[in-house]
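S.K.: Got a structure here, written out as structure tokens. Questions coming.
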Amino acid sequence: MPHVSIQHFSRTFSEAEKAELVEALTETVTRVFGTGPEAVSIAVEPVDPSRWTELVWQPQIEARPHLLWKQPGYTPNATTEGTR
């Protein structure tokens, strides 16, 4: 039962963008995990940039590097200042 959780800087998504993301993630997850689409769940959570370090960087990136399959190419200071 794969569950995908995405946290991102707050922004508005169109219905077409939501559908595109769900379709692409579901296709990839089902192929890689060898499961059906009914087993996949996807959560998308907006995070205010001013709270990114506190809510995402420290507890999920910095504290759990062994779980990252892809390292970010930014620092938390650049993120909270609004640069990427």
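To convert, take the position in the sequence shown, counting from 1, and add 334; that gives my numbering. All residues carry an ideal CB built from backbone N, CA and C; glycine is no exception. What you are looking at is a predicted structure, and each value in this text was computed from that prediction instead of being measured.
Can you check whether the CB of residue 360 is closer than 7 Å to the CB of residue 371?
M.R.: In contact: residue 371 and residue 360 (Cβ atoms closer than 7 Å).
S.K.: When you compare the region 373-383 with the region 391-402, are there three or more beta-carbon pairs, one atom per stretch, that lie closer than 8 Å?
M.R.: Contact between the region 373-383 and the region 391-402 is absent, because fewer than three Cβ pairs lie under 8 Å.
S.K.: Grab me the residues of residue 345's own chain with a C-beta within less than 8 Å of its C-beta, minus the 5 sequence neighbours each way, in chain order.
M.R.: If we look at residue 345 and ignore the five residues flanking it on each side, its Cβ neighbours are 380.
S.K.: Since residue 356 is in the alpha helix (DSSP H), which residue starts that stretch and which ends it?
M.R.: Residue 356 -> alpha helix (DSSP H) spans 349-367.
S.K.: Closest by CA to residue 338, which one among 403, 374 and 404?
M.R.: Per the Cα distances, 374.
S.K.: For residue 344, which three-state DSSP category applies?
M.R.: It is coil, neither helix nor strand.
S.K.: Going by DSSP in three states, residue 373 sits in which element: helix, strand or coil?
M.R.: Note: residue 373 maps to helix in three-state DSSP.
S.K.: Helix or strand or just coil, what does DSSP make of residue 380?
M.R.: Three-state result, residue 380: strand.
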